[in-house]
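> Got a structure for you, written out below as structure tokens; questions coming shortly.
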Amino acid sequence: VMNITDVGHLVSDADEGEDKLEKGAKREGKTAWQIAEFYAEDFLLGMEKLGLIPPEHVTKATDFIDQQLDLIRTLKEKGYTYQTTDGIYFDTAKFPTYADFAGLDLEAQRAGARVEANDEKRQAWDFALWKFTPAGQKRDMEWETPDDLLELPRFDSVDDGESSSSQKQSAARAPQSARSEAVSETVRTNDNHDAVMGFPGWHLECSAMAMDILGPTIDIHTGGIDHIPVHHTNEIAQSEAASGQEFSHFWLHCNHLKIEGGKISKSLGNGYTLQDIEKRGFSPMDLRLFVLQSDFMSEGNFTWENLEAAKNRLRNWRGYAALRHQMHDRLTDDTAKDDSDDYLVFYEPTSAIKMALSDNLSTPRALQIIDQAFARLDSVALDNVHRASFYDFIQMIDELLGLQLEASSPDISDDNKRLILERMRAREAADWKRSDQIRDTLAKDNVAVRDTSHGTVWSYLT
RNA sequence: GGCGCGUUGGCGGAGCAGUUACGCAGCGGUCUGCAAAACCGCGUAGAUGGGUGCAACUCCCAUACGUGCCUCCA
């Protein structure tokens, strides 16, 4: 299950963030809904380009508002919540193990906080489950707060300075021309009284969606390392307070990628998109191998030079993968499975990369194993390679690392194969002119040839 | 200001208290019709300063630098 946070702080009249598209969209009169939709689609397209396995469920926070409200209801019934003028909060004091997951020293952190939020929260680290739309504001994304979640009397409604008694009349809530059609379909209108509009707190969606689809306890929860102290801590608190059960058996946290040695930051504008990378002549698979070169728990550093290194490494691997087209199946496979210097069998490295990845996803070691396994092909005649096991090896790499080696190392055309044979004959006849001519012709089809002591072998130029 | 994490050769990046990581790039050589590849070799890596150990890149402390969080970002 992967969630898409399509609800946020996109108050329709806000003017924050440097995102050109967002600003442009506003200029064009688009809504937060349309902006969220745009980025969600862009994200899913990027996933596809990178060859990521699609989740069974891709969930949008806005499709799970009811579940989020139900979760708040459960927490309220169990006494974990309290209400302030601006929302419904989780009372972390009621969840004694709150600081354990991240090993937080809450008092110390509060003492050093740069900005002390000055509100009605009981603890500085209490977090919002539900936020009320500020009086006088109209958000693109907002929903009616169910009455049973509210503690009356509710906060002061100051829509337009009317007294509360007259609000029943104004309950029609005026011409809502600014409201998009999408929103008006979603909002459950209740014309009998003045609704308290609101929207979910930032942490709530993940718990609500996970528990709705996977049940109270999930196996593995993933996320960025930066989510440990706040987001995942809060997820655990609200989920376990509600269910009384462990929320996740395992947590997998990825470290960050730096860029040119420093942080990637929107305000610095030093990030790159997948589109930028493709414009520079790199493929998404180049980026994928670049990422796999370091352990997921350590900080990475993106530079174009490093991406170039990954690209070259991947090109070399494709060349090795293409050797399968230049090998012959052996009828004596079963009796010749023993690995030796003269005869290569690839079952051992195939299981070795599985072992490496089984050890806390050690992709660097898996890559090392692959490099060493491929390198053994350099000094052996292709007829002395166990083709079936080599093919298994390629497929295992693709299955475990998703580098699409098989798909990106197609066989060459029959015409080119004939040219290679013709070149071999020319070389035997010492017709170097013809030989070089054919090599140039092949190069136009991105086919490179090299003459080894075991014969001519082709690979890809780029 | 508080609480963490990191710092390995030209670049990226692992393991390990005593043994060549691996990749990309560079240089020299062998081989080859040429080219490419391959093979051999070379640049004598471990931020800095201390400490513990027979022995430290690998453990401990400090400093510098980088980075993350401390906010209703998720």
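Heads up, the first sequence is in the working numbering, so the first residue is 36 and it goes up one at a time. Think of the CB as a built atom: it goes at the ideal place given N, C-alpha and C, for glycine as much as any other residue. Just so it is clear, the structure is predicted and the values come from calculations on it, not from any experiment.
May I have the straight-line CA-CA distance separating ALA357 from PRO445, to the nearest angstrom?
Locating residue 357 in the first sequence gives position 322, counting from the first residue. Locating residue 445 in the first sequence gives position 410, counting from the first residue. Straight-line Cα distance between these residues: approximately 7 Å.
> Using 8 Å as the Cβ pair cut-off and three pairs as the minimum, do the stretch 308 to 328 and the stretch 425 to 445 touch?
Contact between the stretch 308 to 328 and the stretch 425 to 445 is present, because at least three Cβ pairs lie under 8 Å.
> If contacts are defined as beta-carbon pairs under 8 Å, then PHE282 and THR257 qualify, I think. What distance do you get, rounded to the angstrom?
The count along the first sequence starts at 1 and reaches residue 282 at position 247. The count along the first sequence starts at 1 and reaches residue 257 at position 222. Going by Cβ atoms, the distance from PHE282 to THR257 rounds to 13 Å, so no, they are not a contact pair.
> To which residues of the same chain is GLN204 closer than 7 Å at the C-beta, ignoring the five residues directly before and after it?
Against the first sequence, residue 204 aligns to sequence position 169. Because the pLDDT at GLN204 is just 35, under 50, the model does not fix this residue reliably, and the point stays unresolved.
> For THR485, list the residues DSSP reports as bridge partners.
Taking the first residue of the first sequence as position 1, residue 485 is located at position 450. As written in the sequence, residue 485 is Arg, which differs from the Thr given in the question. Per DSSP, VAL492.
> For SER470, is the classification buried or exposed, using 16 other Cβ atoms within 10 angstroms of its Cβ as the cut-off for buried?
Here residue 470 refers to the residue found at position 435 when the first sequence is read from its first residue. Buried, because 16 or more other Cβ atoms sit within 10 Å of the Cβ of SER470.
> Could you pull out every residue in the same chain whose Cβ sits closer than 7 Å to the Cβ of GLU216, ignoring the five residues on either side in sequence?
Translated into the one-based positions of the first sequence, residue 216 becomes position 181. Low local confidence applies: a pLDDT of 32 at GLU216 is under 50, so the model's placement there is unreliable, with the coordinate-based value given in what follows. Correct list: empty, nothing qualifies.
> Sorry if obvious, but does the Cβ on ILE253 come closer than 7 Å to a heavy atom of the ligand FAD?
This structure does not include the ligand FAD; it has no bound ligands of any sort.
> Do you know offhand how far ALA410's Cα is from LYS346's?
In the first sequence, the residue the question calls residue 410 occupies position 375. In the first sequence, the residue the question calls residue 346 occupies position 311. Answer to the nearest angstrom: the Cα atoms are 18 Å apart.
> If distances are taken between C-alpha atoms only, which option among ALA170, GLU270, LYS129, ASP450 comes closest to TRP237?
By one-based count along the first sequence, residue 237 stands at place 202. For TRP237, the nearest C-alpha among the options comes from GLU270.
> For MET37, name the three-state secondary structure that DSSP assigns.
Locating residue 37 in the first sequence gives position 2, where the first residue counts as 1. The answer is strand: DSSP assigns MET37 an E or B state.
> Using 10 angstroms around the beta-carbon of ILE39, count the other beta-carbons present and answer buried if the total reaches 16, otherwise exposed.
Within the first sequence, residue 39 is the residue found at index 4, counting from 1. When all chains shown are included, ILE39 counts as buried.
> Looking at the strands, I want to know which residues DSSP matches up with ALA163.
Counting from one through the first sequence, the residue named residue 163 turns up at place 128. Paired residues: TYR124.
> Look at the Cβ atom of VAL93, then the Cβ atom of MET244, and state whether they are nearer than 8 Å.
Locating residue 93 in the first sequence gives position 58, counting from the first residue. Locating residue 244 in the first sequence gives position 209, counting from the first residue. For VAL93 and MET244, no; Cβs fall outside 8 Å.
> If you compare alpha carbons, which of LEU79, ILE255, PHE234 is closest to ASP98?
Position 63 of the first sequence, counted from the start, is the residue given in the question as residue 98. Ranking LEU79, ILE255, PHE234 by Cα distance to ASP98 puts PHE234 first.
> Going by other Cβ atoms of all chains shown within 10 Å of its Cβ, with 16 needed for buried, is LYS113 buried or exposed?
Counting from one through the first sequence, the residue named residue 113 turns up at place 78. Label assigned to LYS113: exposed.
> What span of residues does the beta strand (DSSP E) with VAL326 cover, start to end?
Here the question's residue 326 lines up with position 291 in the first sequence. No beta strand (DSSP E) contains VAL326, which is instead part of the alpha helix (DSSP H) from 319 to 327.
> Out of TYR133, ARG460, PHE428, which has the shortest C-alpha to C-alpha gap to THR268?
In the first sequence, residue 268 corresponds to position 233, counting from 1. Per the Cα distances, TYR133.
> Taking contact to mean at least 3 C-beta pairs separated by less than 8 Å, is the stretch 335 to 343 in contact with the stretch 288 to 305?
These segments touch.
> Indicate the three-state DSSP secondary structure (helix, strand or coil) for PHE282 in the structure shown.
Along the first sequence, read from residue 1 onward, the residue named residue 282 stands at position 247. The answer is coil: DSSP assigns PHE282 none of H, G, I, E or B.
> Decide if PRO131 is buried, meaning its Cβ has at least 16 other Cβ atoms within 10 Å, or exposed.
Looking up residue 131 in the first sequence gives position 96. When all chains shown are included, PRO131 counts as exposed.
> What runs of the beta strand (DSSP E), each 3 residues or longer, lie entirely inside the stretch 65 to 123?
Listed in chain order, they are 93 to 95, 116 to 119.
> Are THR119 and GLU155 touching if we call contact CB-CB under 8 Å?
In the first sequence, counting from the first residue as 1, residue 119 sits at position 84. In the first sequence, counting from the first residue as 1, residue 155 sits at position 120. Yes, they are a contact pair.
> Rounded to whole angstroms, what's the CA-CA distance from TRP467 to LEU349? Just pull it up for me.
Numbered from its first residue, the first sequence carries residue 467 at position 432. Numbered from its first residue, the first sequence carries residue 349 at position 314. Distance between the alpha carbons of TRP467 and LEU349 is about 32 Å.
> Run through DSSP, which three-state label would THR257 get?
Locating residue 257 in the first sequence gives position 222, where the first residue counts as 1. Note: THR257 maps to strand in three-state DSSP.
> Can you tell me which of the three DSSP states MET232 falls into?
In the first sequence, counting from the first residue as 1, residue 232 sits at position 197. Note: MET232 maps to strand in three-state DSSP.
> Would the beta-carbon of ILE107 fall within 8 Å of that of LEU184?
As a first step, residue 107 must be located in the first sequence, where it is residue number 72. As a first step, residue 184 must be located in the first sequence, where it is residue number 149. In contact: ILE107 and LEU184 (Cβ atoms closer than 8 Å).
> Residues in its own chain within less than 7 Å of ALA71 by CB, not counting five upstream and five downstream?
On the first sequence, position 36 is the one that residue 71 refers to. Cβ neighbours of ALA71 beyond the five flanking positions: ASP41.
> Mind checking HIS421: buried by the 16 CB within 10 Å criterion, or exposed?
Locating residue 421 in the first sequence gives position 386, where the first residue counts as 1. Per the 10 Å Cβ criterion, buried.
> When we look at the beta-carbon of ASP311 and count the other beta-carbons within 10 Å, is it buried (16 or more) or exposed?
Within the first sequence, the letter at position 276 stands for residue 311. Exposed is the call here.
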